[in-house]
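Visitor: Residue numbers (this note's numbering), protein chains in the order written: chain A, 4 to 251; chain B, 2 to 490.
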């Protein structure tokens, strides 16, 4: 599904990624763990196409096609979804309007017909209920005045509606209490499918108790320094990142 | 709403660069000789078959105008306007005051059709929602047709061209014309008083709620022609009217002058809601051409408990100089101003409002949203004042500016004066930029760059959009998206 090869990238002249390689197969869930400043969020932004980051070397392919040449909206249409660590507030735009605009934009780019209003409402109601999002929240402006938990659930709701092929969750667990974490993890687990790949970026093992990954990577100083099964996350939790940073 | 959608689509499909209304209609016109002197004023008055008092009124205005100079305090820059090089009157060659639509030049009808303004009543009735809007169409200097006149007459409402009103209802016109915007009010209003050629006249009798929305559609077609329309709306005691105004013009390389005057009078317990979508040609990408829009709009809440509300969506014009205002003369009166002003390319906007509190417990509210893109400049200029006797008066002002890109400017110039101690005035202002983060977030969800800007901007102006009549709101939303096309790189 996703092949990242020898990726080097910088922002504002600072080198952040130093030859990162990653191969995520269809249907797999990969976890990327690492300390602050190791380049985890940078990787997620580069996959989604954020302007400020400059790729200086390496390639990123989605289903064999060059991803870096595409604009963020084209990538979204191809099925790349990023659940933001800090979802952005859009004052005056109701969540419902935003969701509908997003779904229709993506459908249009995928050559599908726009979804009808009743179908859309039914779909949103169903997905929202499973994430315990009440209808009132959907009438509020996007992320404005949302609690940390509401913001993250809203991200997962969007993910469910846009039917992506590759989901990148950037520290989705940050700012969540245990109950909210469970709801979010359940939402993500429902989206696990043999056709969809998921990358979970996190600091902590605790999210991975709920979303059990196929592969765990440790990232330090802009590259992946160790990969393994779910047990690697436990090892990290016990030993800390310091040992791995030295290895980098 | 479907009809409006269709309208918008149709207008959009007209293939003229960015500005979708820039076509020219080829019709024969009847013009006054170029330039301006007393004989021009007499020519216009004679063309309109006006009574002597009207001519005198115009001549008085012209004499005053000659002694005045153009105001320079606004934050706009433009080349001197060649007043002697303009035509002050241009009418489609056909007698004014037509009996039926069949007498209207088919080319003009086609123009309005292209613009999505249906003038045939039977067609409007066929459409579902549009049917409750009566339209007065002003083409260059004259009103060409007013729809639903008969139906309005049944309710006692007078709606038609001001030229007709001067002849048919002189008592009303004499009583109210110039009573809100005096003849010598300001340079442009005085010029208008001398040479205004047409415009709309509305009278709503006591206790009548106008049964439909009234609408005027202004179109400048002729080259080198100034458009000076005059609108007078009187809402008698306890009445209500909602009035909509739309404007477009062809694309021309030279600048065209538009200096209108709008006067509103609300008597005791009356309410006037006035909405504008101004979409004059803004000039091309290099700043060439476009309409100079110098407009004086003022409402007088003359009677106690009366209410006047201005809602405007300003997207066009090379220069906008416009301050729709309310004089809150009666006690417990209410004035409102809701504005969206968008400037892109080389446009310059200096717009705002004045709320003059004279009556006790008068209340006013100002919500202004300025959006600047390209290399444009967008200024909010407002005055809120409370007279000594206006005890208990209140104002709330909220001015927000949004910048797109880093070559445009937004400015806020509020003047606030309170001459009594029980007045409460509140002023809030913010300036923000559309952040890259916001756009990236939207684009990550599949919206194109332009769709993202339109979405964010629509959210920004939502507080104002919701004050527009439903059909207008939808058009305004589309118009905002069109106006900002190409504002992100």
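The beta-carbon is built from N, C-alpha and C at its ideal position, and this holds for glycine as well. Computed from a prediction, not measured in an experiment: that's the story for all the values here.
Within the region 403-428 of chain B, note down every full alpha helix (DSSP H) run reaching 4 residues or more, in order along the chain.
Guide: Qualifying alpha helix (DSSP H) stretches: none in this window.
Visitor: Give the range of the beta strand (DSSP E) segment to which residue 219 (chain B) is assigned.
Guide: 214-220
Visitor: Where does residue 476 (chain B) land, buried or exposed, given buried means 16+ other C-beta within 10 angstroms?
Guide: buried
Visitor: What alpha helix (DSSP H) runs, 4 residues minimum, are completely inside the region 149-182 of chain B?
Guide: 150-155, 163-169 and 171-177
Visitor: Within the same chain, show all residues whose beta-carbon is closer than 6 Å to that of residue 339 (chain B), passing over the 5 residues directly before and after it, in chain order.
Guide: Once the five neighbours on either side are set aside, the close Cβ partners of residue 339 (chain B) are 312, 368, 465 and 468.
Visitor: Of all the CB atoms in chain A, is at least one closer than 8 Å to the CB of residue 480 (chain B)?
Guide: no
Visitor: Here's the rule I'm using: 16 or more other beta-carbon atoms within 10 Å means buried, otherwise exposed. How should residue 401 (chain B) be labelled?
Guide: buried
Visitor: Which word fits residue 128 (chain A), buried or exposed, when buried means at least 16 other C-beta atoms lie within 10 angstroms of its C-beta?
Guide: exposed
Visitor: Closer than 9 Å between beta carbons: that is the criterion. Which residues of the region 84-107 of chain A meet it against chain B?
Guide: Listed by position along the chain: 84, 85, 87, 89, 90, 91, 92, 93, 94, 95, 96, 97, 100, 101, 102, 104, 105, 106 and 107.
Visitor: Hey, residue 320 (chain B) and residue 458 (chain B) are a contact pair by Cβ (cut 8 Å); roughly how many whole angstroms apart?
Guide: Actually they do not touch by this definition, with Cβ atoms about 22 Å apart.
Visitor: In or out: residue 54 (chain B) buried (at least 16 other Cβ within 10 Å) or exposed?
Guide: exposed
Visitor: Can you check DSSP and say which residues form a bridge with residue 60 (chain A)?
Guide: A:11
Visitor: Which runs of the alpha helix (DSSP H) fall wholly inside the region 53-78 of chain B and span at least 4 residues, in chain order?
Guide: 53-67
Visitor: Specify whether the region 91-107 of chain A and the region 429-449 of chain B touch according to this definition: at least 3 beta carbon pairs, one from each stretch, less than 8 Å apart.
Guide: yes
Visitor: Is it right to say residue 120 (chain A) is buried, meaning 16 or more other beta carbons lie within 10 angstroms of its own, or is it exposed?
Guide: exposed
Visitor: Work out the CA separation of residue 301 (chain B) and residue 266 (chain B) for me, nearest whole Å.
Guide: So the alpha carbons of these two residues sit roughly 5 Å apart.
Visitor: For residue 270 (chain B), which residues in the same chain have their Cβ closer than 7 Å to its Cβ, ignoring the five residues on either side in sequence?
Guide: Cβ neighbours of residue 270 (chain B) beyond the five flanking positions: 238, 239, 304, 306 and 307.
Visitor: In angstroms with no decimal places, state the Cα-to-Cα distance between residue 422 (chain B) and residue 385 (chain B).
Guide: 15 Å
Visitor: Examine chain D for any beta-carbon lying closer than 8 Å to the beta-carbon of residue 463 (chain B), and answer yes or no.
Guide: In the structure shown, chain D does not exist; the protein chains are A and B.
Visitor: Touching or not, the region 241-248 of chain B and the region 181-198 of chain B, by the rule of three or more beta carbon pairs under 8 Å?
Guide: no
Visitor: Which stretch, first to last residue, makes up the alpha helix (DSSP H) that contains residue 342 (chain B)?
Guide: No alpha helix (DSSP H) holds residue 342 (chain B); the beta strand (DSSP E) holding it covers 335-344.
Visitor: Per DSSP, residue 471 (chain B) forms a beta bridge with which residues?
Guide: As DSSP reads the structure, residue 471 (chain B) sits in no beta bridge.
Visitor: Is there a C-beta anywhere in chain A that falls below 8 Å from the one on residue 446 (chain B)?
Guide: yes
Visitor: I need the DSSP call for residue 44 (chain A), collapsed to helix, strand or coil.
Guide: helix
Visitor: If you measure from the CB of residue 124 (chain A), is any heavy atom of the ligand HEM nearer than 7 Å?
Guide: This structure lacks the ligand HEM, and indeed carries no ligand of any kind.
Visitor: Below 8 Å between beta carbons: does that hold for residue 262 (chain B) and residue 182 (chain B)?
Guide: yes
Visitor: Leaving out five residues before and five after residue 394 (chain B) in sequence, what residues of the same chain have Cβ atoms less than 6 Å from its Cβ?
Guide: 358, 363, 387 and 424
Visitor: Could you tell me whether the Cβ of residue 191 (chain A) comes closer than 8 Å to any Cβ of chain B?
Guide: no
Visitor: Output the distance between the C-alpha atoms of residue 60 (chain B) and residue 195 (chain B), rounded to the nearest integer angstrom.
Guide: Roughly 6 Å between the two C-alpha positions.
Visitor: Determine, using beta carbons only, whether residue 399 (chain B) comes closer than 8 Å to chain A.
Guide: no
Visitor: Measuring only between beta-carbons, confirm whether residue 75 (chain A) sits less than 8 Å from chain B.
Guide: Residue contact with chain B for residue 75 (chain A): present (Cβ-Cβ distance below 8 Å to some residue of chain B).
Visitor: Output the residue ranges of the alpha helix (DSSP H) runs that lie fully inside the region 64-91 of chain A and measure 4 residues or longer, sorted by chain position.
Guide: 75-81
Visitor: Cα-Cα, which of B:397, B:234 and B:243 is closest to residue 162 (chain B)?
Guide: B:234
Visitor: Could you please give me the residues that DSSP links to residue 315 (chain B) through a beta bridge?
Guide: B:279 and B:342
Visitor: Measuring CB to CB, does residue 32 (chain A) end up less than 8 Å from residue 217 (chain A)?
Guide: yes
Visitor: Between which residues of its own chain and residue 161 (chain A) is the CB-CB distance below 7 Å, once the five residues before and five after are set aside?
Guide: 102 and 105
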